[in-house]
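One point on numbering: in the numbering used here, the residue at position 116 of the sequence shown is 1008, and numbering is uninterrupted. Taking it in order: structure first as structure tokens, then the write-up.
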Amino acid sequence: MDLRKSCHVQKFDGKDTKHRTLITAANSKSNSKANSVEPEQLIIEEELSSNDDDNVRQLTPQEKVQDTKLIPSDNYHKYCYRHNPDVQTNKASDFNKMNEIQLNLERIPSKDQNMINSIWSNFGSANSFQRNLILQGLLTQCCFPQLSFISQEISSLIRIDFISTLPVEISSKILCYLDCASLCNAAQVSKKWQKLADDDRVWHHMCEQHIDRKCPNCGWGLPLLSMKRAREFTVETNKQTKRRKLSSSSSGSSSGSFGSSSSGKPEFKTRPWKTVYSERFKVERNWRKGIFKTREFKGHKDGILCLKYDHKYLFTGSYDTTIKMWDINTGECLKTLESHQKGVKSLVFDEQKLITGSFDSTIKVWNYHSGECISTYRGHTDSVLSVDFYKKFIVSGSADRTLKIWNVENRTCYALRGHLDNVNSVKIHSKSLTVFSGSDDCTIRMWDLKTNKCLKIFKGHIAEVQKVIPLNLPEDYELSQDINEGDEEEEEEGEDELSEDASEFGTIDYNDSTREYPTYLLTASLDNTIKLWNVKTGKCIRTQFGHVEGIWDISCDNFRIVSGAHDRFTKIWDLQTGKCMNTFSGHNSPVTCVGIGDSSFASGCDTGLVRLTNFDIM
């Protein structure tokens, strides 16, 4: 008797074959009962007088009909998972198993075949409760070899393709918990899984979890790349706009142009979130594995003192008294700005202006698009070593031991005194309207831009502080710490100094909702170390060692710190752990300045060479 029976005909190995179930033809009338679950059976099983519980209330016929209407009529509620015609999982494996059983059945005597068929027939015609009784009885009679055989057989039979079976919303929610590698593996399971795993909502969640922040689960964070992509998008949009204008002018009064919506607004193409994630993932992988290409910028006649760059321009200041403006993508020198009488020690810029500080004690504001010097600020009595700006304020630090706050709107200037030596670095924290300064007196000070008072002093470095960077990190951003007794003692000394001259110092109101103070402070010094401070407590919570000579400059983003030192090396550090990720050589003189972007970093040295190391390569 052929057991390979089925209720439908399907093509297998190039032939149409009628599959037969393991139940005989005499049991065909019970197939629907064996393969499906009747709604009435879901509500109440057949009455078994010997097993009925007297305390169980029987449903009335009216209640049965009423409850049955509440049961959906789709196949997922009518059939069990294995016999649901809408589920195609394991159909091929079931067919192969049927063939194997049929061949084994044909090898035994006819009498034994009839006995086995009778058992299968009785089991197939039994209801759910009776089937459970039969199976329980069989299991009690099985020895360990049979139980082991059953365990091996059911391991594959009880697998459920829940991703394909569940509603799309729930499946997408489950896939959102996977990491990138697991999600890509899931897309290779089947076409249905691929469609769900490549869904834009799933990858949008992945981007939200990783881009410009570290994922707490996998530890990966992806670069933002926003400015570069925005520029590419703007260029493409401008081209499309020009094409539309030409098309509309040539077509006269024709209604609607190519690439425009019915409302007249241009239709912008969107990119799949998986593509967005993929390109950022490749950049982050290159950062970690050290895969990069380098471009050199040569043109200065003397050493580089400072640099800043964005997605389009690189600005460098030099001992040769000039500022050069470079095309970041081609390496071409676009402009040379000349007006300072001595070396240019510091510079900052935005989309409209460039501000520079020089050893000639002046601060200059430039329109770098035209190359014109707009204004010059004089007031310091010695070299201007650092400048920064925010809205109407320009802050400068000088070798005359003072900071100056320049208000460009009302043309006023305030001097902040307190440092005992050169002020090498100043940085405005815009969210709290505070200024941080680092000095040759080995201290860092925090100032209030509103009151012009010192709020806090940070002590811990044993040599000149060259750079300060305030950080606003999320609360769930866990930083490794290595607090020691020396830092605590030094902090106590700073507190004593504040208590002695309390009238000269302001207070910090952390409950002020209008001001968001930085959570951490990053500093670099000629004592060869980088320190991380808790701004609220004033404690140094981590010291990073690695350079063998003094550190001249550092720069950082949400993931990494780049440092340049007198030992001619540039190092990349993990901001979260403080560990050195990579060390770059290439300069044959001290590295005096560095800068970092989403997919690159730049370094300048005493010989006048600037190197841009780019990780955005595919």
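We put the CB at the ideal spot given by N, CA and C, even for glycine.
> Hey, how far is the Cα of residue 890 from the Cα of residue 1077?
Replying inline: The requested residue 890 does not occur in the structure, where the chain is confined to residues 893 to 1510.
>> Alpha carbons only, please: which of 1003, 1342, 1170 is nearest the one belonging to residue 1406?
In response: On the sequence shown, position 514 is the one that residue 1406 refers to. The residue with the shortest Cα to Cα distance from residue 1406 is 1342.
> Can you tell me the Cα-Cα spacing of residue 1510 and residue 1180, whole angstroms?
Replying inline: The count along the sequence shown starts at 1 and reaches residue 1510 at position 618. The count along the sequence shown starts at 1 and reaches residue 1180 at position 288. Cα to Cα, residue 1510 sits roughly 14 angstroms from residue 1180.
> Quick one: what does DSSP say residue 1438 is sitting in, helix, strand or coil?
Replying inline: One-based indexing of the sequence shown puts residue 1438 at position 546. Coil, per DSSP.
>> Here's the rule: buried if 16 or more other CB atoms are within 10 angstroms of the residue's CB, otherwise exposed. What is residue 1189?
In response: Locating residue 1189 in the sequence shown gives position 297, counting from the first residue. Flag for residue 1189 reads buried.
> Count the other CB atoms within 10 Å of the CB of residue 1143; is the residue buried (16 or more) or exposed (fewer)?
Replying inline: Position 251 of the sequence shown, counted from the start, is the residue given in the question as residue 1143. For residue 1143, the predicted model reports a pLDDT of 45, less than 50, meaning its position is unreliable; a value from the coordinates is still stated below. Residue 1143 should be labelled exposed.
>> Let's test the definition: count the other Cβ atoms within 10 Å of the Cβ of residue 1275 and tell me whether it reaches 16, buried, or not, exposed.
In response: On the sequence shown, residue 1275 is found 383 positions in, with the first residue counted as 1. The C-beta of residue 1275 has 16 or more other C-beta atoms within 10 Å across all chains shown, which makes the residue buried.
> Hey, how far is the Cα of residue 1272 from the Cα of residue 1454?
Replying inline: Mapped onto the sequence shown, residue 1272 falls at position 380. Mapped onto the sequence shown, residue 1454 falls at position 562. So the two alpha carbons sit approximately 31 angstroms from each other.
>> Taking the straight line between their C-alpha atoms, what separation do you get for residue 911 and residue 989?
In response: Walking along the sequence shown from the start, residue 911 turns up at place 19. Walking along the sequence shown from the start, residue 989 turns up at place 97. A caution first: residue 911 carries a pLDDT of 37, below 50, which makes its placement in the model unreliable, though a value can still be read off. One alpha carbon belongs to residue 911, the other to residue 989, and they sit about 12 angstroms apart.
>> Below 8 angstroms, how does it come out for the stretch 1090 to 1104 and the stretch 1161 to 1176: are there three or more Cβ pairs, yes or no?
In response: Touching, yes.
> Relative to the C-alpha of residue 1473, which residue among 1045, 1176, 1305 is closest?
Replying inline: As a first step, residue 1473 is located in the sequence shown; it is residue number 581 there, counting from the start. Ranking 1045, 1176, 1305 by Cα distance to residue 1473 puts 1176 first.
>> Taking the alpha carbon of residue 1486 as the reference point, which residue from 994, 1207, 1061 has its own alpha carbon closest?
In response: For this step, residue 1486 is matched to residue 594 along the sequence shown. When each option's Cα is compared against that of residue 1486, the closest is 1207.
>> Closer than 8 angstroms is the cut-off here; do at least three beta carbon pairs connect the stretch 1425 to 1433 with the stretch 1463 to 1480?
In response: No, they do not touch.
> With a CB to CB cut of under 6 angstroms and the five nearest residues on each side skipped, what residues in its chain are close to residue 1434?
Replying inline: Here residue 1434 refers to the residue found at position 542 when the sequence shown is read from its first residue. If we look at residue 1434 and ignore the five residues flanking it on each side, its Cβ neighbours are 1373, 1374, 1424, 1470.
> How about residue 1235 and residue 1216: do their beta carbons lie closer than 7 angstroms?
Replying inline: Within the sequence shown, the letter at position 343 stands for residue 1235. Within the sequence shown, the letter at position 324 stands for residue 1216. The answer is no: Cβ separation not under 7 angstroms.
>> If distances are taken between C-alpha atoms only, which option among 1331, 1344, 1327 comes closest to residue 1338?
In response: Here the question's residue 1338 lines up with position 446 in the sequence shown. With distances taken between CA atoms, residue 1338 lies nearest to 1327 out of 1331, 1344, 1327.
> Closest to residue 1484 by CA distance: which of 1013, 1297, 1500, 1280 is it?
Replying inline: On the sequence shown, position 592 is the one that residue 1484 refers to. In terms of Cα proximity to residue 1484, the closest of 1013, 1297, 1500, 1280 is 1500.
> Rounded to whole angstroms, how far is the Cβ of residue 1413 from the Cβ of residue 1362, which I believe are closer than 8 angstroms?
Replying inline: Within the sequence shown, residue 1413 is the residue found at index 521, counting from 1. Within the sequence shown, residue 1362 is the residue found at index 470, counting from 1. 5 angstroms between Cβ atoms; contact.
> Residues bridged to residue 1098 by DSSP?
Replying inline: Along the sequence shown, one-based indexing puts residue 1098 at 206. For residue 1098, which the question treats as bridged, DSSP gives no partner whatsoever.
> Could you give the uninterrupted runs of the alpha helix (DSSP H) lying entirely in the stretch 1020 to 1097, keeping only those of 4 residues or more?
Replying inline: 1020 to 1033, 1036 to 1049, 1054 to 1057, 1060 to 1067, 1072 to 1078, 1083 to 1089
>> Suppose the cutoff is 8 angstroms on Cβ atoms and the five residues either side in sequence are ignored; what does the same chain contact list for residue 1437 look like?
In response: Translated into positions along the sequence shown, residue 1437 becomes position 545. These residues qualify, in order along the chain: 1420, 1421.
> To the nearest angstrom, how far is it from the Cα of residue 1019 to the Cα of residue 1025?
Replying inline: Mapped onto the sequence shown, residue 1019 falls at position 127. Mapped onto the sequence shown, residue 1025 falls at position 133. Distance between the alpha carbons of residue 1019 and residue 1025: 10 angstroms.
> Where do the N-terminal and C-terminal ends of the alpha helix (DSSP H) with residue 1007 fall, by residue?
Replying inline: The count along the sequence shown starts at 1 and reaches residue 1007 at position 115. Annotation for residue 1007: the continuous alpha helix (DSSP H) segment containing it runs 1002 to 1017.
> Given that a residue counts as buried once 16 or more other Cβ atoms are within 10 Å of its Cβ, and exposed if not, what is residue 1148?
Replying inline: Here residue 1148 refers to the residue found at position 256 when the sequence shown is read from its first residue. Note on residue 1148: pLDDT 39, under 50, position unreliable in the model; no value is reported.
> By how many angstroms is the C-alpha of residue 1033 removed from the C-alpha of residue 944?
Replying inline: As a working note, residue 944 is residue 52 in the sequence shown. As a working note, residue 1033 is residue 141 in the sequence shown. Legend: pLDDT at residue 944 = 47, less than 50; position of this residue unreliable, value from coordinates given subsequently. Roughly 26 angstroms separates the two Cα atoms.
>> Taking the straight line between their C-alpha atoms, what separation do you get for residue 1449 and residue 1172?
In response: The residue labelled residue 1449 in the question sits at position 557 within the sequence shown. The residue labelled residue 1172 in the question sits at position 280 within the sequence shown. Answer to the nearest angstrom: the Cα atoms are 15 angstroms apart.
>> For residue 1223 and residue 1503, what's the separation of their Cα atoms in angstroms?
In response: Within the sequence shown, residue 1223 is the residue found at index 331, counting from 1. Within the sequence shown, residue 1503 is the residue found at index 611, counting from 1. For residue 1223 and residue 1503, the distance between alpha carbons rounds to 10 angstroms.
> Just the Cα atoms here: how many angstroms apart are residue 1241 and residue 1064?
Replying inline: Here residue 1241 refers to the residue found at position 349 when the sequence shown is read from its first residue. Here residue 1064 refers to the residue found at position 172 when the sequence shown is read from its first residue. For residue 1241 and residue 1064, the distance between alpha carbons rounds to 44 angstroms.
> Beta carbon of residue 1354, beta carbon of residue 1335: below 7 angstroms?
Replying inline: Position 462 of the sequence shown, counted from the first residue, corresponds to residue 1354. Position 443 of the sequence shown, counted from the first residue, corresponds to residue 1335. Against a cut-off of 7 angstroms, the Cβ pair of residue 1335 and residue 1354 comes out as no contact.
> If you run the structure through DSSP and keep just helix, strand and coil, what is residue 1283?
Replying inline: Locating residue 1283 in the sequence shown gives position 391, counting from the first residue. Residue state, collapsed to three classes: coil.
> Quick one: Cα of residue 1157 to Cα of residue 1261, how far?
Replying inline: As a working mapping, residue 1157 is identified with position 265 in the sequence shown. As a working mapping, residue 1261 is identified with position 369 in the sequence shown. For residue 1157, the predicted structure reports a pLDDT of 49, less than 50, and the residue's modelled location is therefore unreliable. A value from the coordinates is still provided. Answer to the nearest angstrom: the Cα atoms are 31 angstroms apart.
> Leaving out the 5 sequence neighbours to the left and right, which residues in its chain are closer than 6 angstroms to residue 1133 when beta-carbon positions are compared?
Replying inline: Position 241 of the sequence shown, counting from 1, holds the residue named residue 1133. In this prediction, residue 1133 scores a pLDDT of 48, lower than 50, which makes its location untrustworthy; the coordinate-derived value is nonetheless stated afterwards. For residue 1133, where only same-chain residues beyond five positions count, there are no Cβ hits under 6 angstroms.
> Where residue 1293 and residue 1310 are concerned, what is the direct C-alpha to C-alpha distance, given to the nearest angstrom?
Replying inline: Indexing the sequence shown from 1 puts residue 1293 at position 401. Indexing the sequence shown from 1 puts residue 1310 at position 418. Spanning the two alpha carbons is a distance of roughly 8 angstroms.
> In whole angstroms, what is the alpha-carbon distance linking residue 1056 and residue 1045?
Replying inline: To locate residue 1056, count along the sequence shown from 1; it is residue 164. To locate residue 1045, count along the sequence shown from 1; it is residue 153. Residue 1056 and residue 1045: Cα-Cα distance of roughly 23 angstroms.
>> Is the beta carbon of residue 1269 closer than 7 angstroms to that of residue 1247?
In response: Within the sequence shown, residue 1247 is the residue found at index 355, counting from 1. Within the sequence shown, residue 1269 is the residue found at index 377, counting from 1. For residue 1247 and residue 1269, no; Cβs fall outside 7 angstroms.
> Looking only at DSSP bridge pairs, what is residue 1445 linked to?
Replying inline: Here residue 1445 refers to the residue found at position 553 of the sequence shown. Looking at the DSSP assignment, residue 1445 forms a beta bridge with 1456.
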